[in-house]
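Undergrad: Here this note's numbering is used: position 189 in the sequence shown is 244, and no number is missing along the way. All C-beta atoms in this analysis are idealised placements derived from N, C-alpha and C, irrespective of residue type, glycine included.
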Amino acid sequence: MTSLPDPARSRALLVGVSAYRNMAADRQLPTVEAGLYRLADLLCDEQIWGLPAGHCTVLHQPASADDIVTALRAAAAQAHDALVFYYAGHGLMDPAVRDGELHLAMPDAYEPGGTHLAMGYMHVRRELAMSRGSWRMVILDCCWSGLALPAGVTGAAAVDGTAVLTATAATRKALAPPGERYPAFTGALIDTLGSGIPGRPQVLDAGTVYQHVKDRLAKGGRPRPQFLGTGDGARTPLAHNLAYRQADGPQPAADTARRVRELRRAGQYREADELQQEAAASGEPESLRRRAGELRRIGRYADAAGLEDQP
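So this is what it looks like as structure tokens:
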């Protein structure tokens, strides 16, 4: 696969629950919120995919399962090329139910026995199976998320072009280490998309991203993610590879973008912004396009148009 799905014909729904009203302090997940919005930024980044901001819906602290189903149903109806669904939060299962279903915990859910206040993953499968797009990608960062895989074989994952990437196996808990910026699995995914994979093709598919994320987590002794791609699902195109190099060597625009990302990761936002403005002012085409995209996302449409009109 040499090209990504058309951003104008694709949709993403990213869901995160970081605060649980009926759980103890040590069961709160404050890093989920940061990971949720950072992942949205990456999917909308023109260097990575370029999904229009209006095509990427973020639900933080959804009030009910109906909020998620309604948003996913709308995204599935509008996604004529690719549909991405992401959830981060607590995953619940009922030990009293044999071959239990994965449940995505809502803010009022609790442990144990609170699955009636969570959303059964079966509802996600249904909406994905009804979608009209060519590609479907599910990313789950929660405990027991591997439970989504066996059920997916006869549900959404049985539809050609579906990939499911989970933080853990069906019997393992996910990890959100205190003091880190993001949950472990989401953090590895963010690093992979935000930095790219040296030596890999210009476009990264779901299977390649999974392998790299798995290797990164294994080095830290962290839970092993799982992956299922049915039909062409493993080849689901996911992102431009920011570490890709043409045969004739590094490209200046790619070097600028990489340096901007490094500065932002270090918290040097002013320096990153200045570097990007300098590159855009010099007429570097990729920097101009990237800067114009960022200006549009913050509502500075006239400034963005001015950059795009430059010869």
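#1: So A222 and S200 are supposed to be a Cβ contact under 8 Å. How far apart are they, rounded?
#2: At which residues does the beta strand (DSSP E) containing Y142 begin and terminate?
#3: Measure the alpha-carbon distance for L157 versus L94 and round it to whole angstroms.
#4: Could you say which of D196, C99, G109 lies nearest to A294 if we only look at CA atoms?
#5: Quick one, which of G144, Q257, E182 has its alpha-carbon nearest A229's?
#6: Can you find the residues in the same chain that come closer than 8 Å, C-beta to C-beta, to H171, ignoring five residues on each side of it along the sequence?
#7: What does the Cβ neighbour count give for Q332, buried or exposed, with the cut at 16 atoms within 10 Å?
#8: Report yes if the CB atom of R66 is closer than 8 Å to the CB atom of L138, and no otherwise.
#9: On the criterion of 16 or more Cβ atoms from any shown chain inside 10 Å, does N77 qualify as buried, or is it exposed?
#10: For G251, collect the residues of the same chain with a Cβ closer than 6 Å to its Cβ; drop the 5 residues on either side in sequence, then sort them by chain order.
#11: Using only CA atoms, which one of M161, T311, P256, G254 lies nearest to A74?
#12: Given that a residue counts as buried once 16 or more other Cβ atoms are within 10 Å of its Cβ, and exposed if not, what is D260?
#13: May I ask you to report which of helix, strand or coil DSSP gives P292?
#14: Is there at least one non-hydrogen atom of the ligand FAD closer than 7 Å to the beta-carbon of D246?
#15: Just to confirm, is the Cβ distance from G90 to Y265 under 8 Å?
#16: According to DSSP, is R227 helix, strand or coil?
#17: V219 by DSSP, collapsed to three states: which one?
#18: Does DSSP classify L69 as helix, strand or coil?
#19: Considering only residues of the same chain and omitting the five flanking positions on each side of A218, which have a CB-CB separation below 6 Å?
#20: Can you tell me which of D163, V152, A131, D270 puts its alpha carbon nearest to the alpha carbon of R187?
#21: Can you list, in chain order, the residues of its chain with a C-beta nearer than 8 Å to that of I134? Leave out the 5 residues immediately preceding and following it.
#22: Going straight from the alpha carbon of P117 to that of M177, what length do you get?
TA: In brief:
#1: 5 Å
#2: 137 to 143
#3: 23 Å
#4: For A294, the nearest C-alpha among the options comes from C99.
#5: G144
#6: Sequence-distant partners of H171 (beyond 5 residues in either direction) whose C-beta falls short of 8 Å from its own C-beta are missing from its chain.
#7: Here Q332 is exposed, its C-beta having fewer than 16 other C-beta atoms within 10 Å.
#8: Closer than 8 Å, so yes.
#9: Counting Cβ neighbours within 10 Å, N77 comes out exposed, since fewer than 16 surround it.
#10: N296, L297, A298
#11: M161
#12: buried
#13: strand
#14: With respect to the ligand FAD, the structure offers nothing, as it holds no ligand at all.
#15: no
#16: Reduced to three states, the DSSP call for R227 is coil.
#17: strand
#18: strand
#19: Taken in chain order, the residues that qualify are M192, A261, G284, G288, T291.
#20: Distance check between R187 and each of D163, V152, A131, D270 places A131 closest, using alpha-carbon atoms only.
#21: According to the sequence shown, residue 134 is Ala rather than Ile. Closer than 8 Å at the Cβ level, and outside the excluded window around A134, lie R64, S65, R66, S186, R187, G188.
#22: 18 Å
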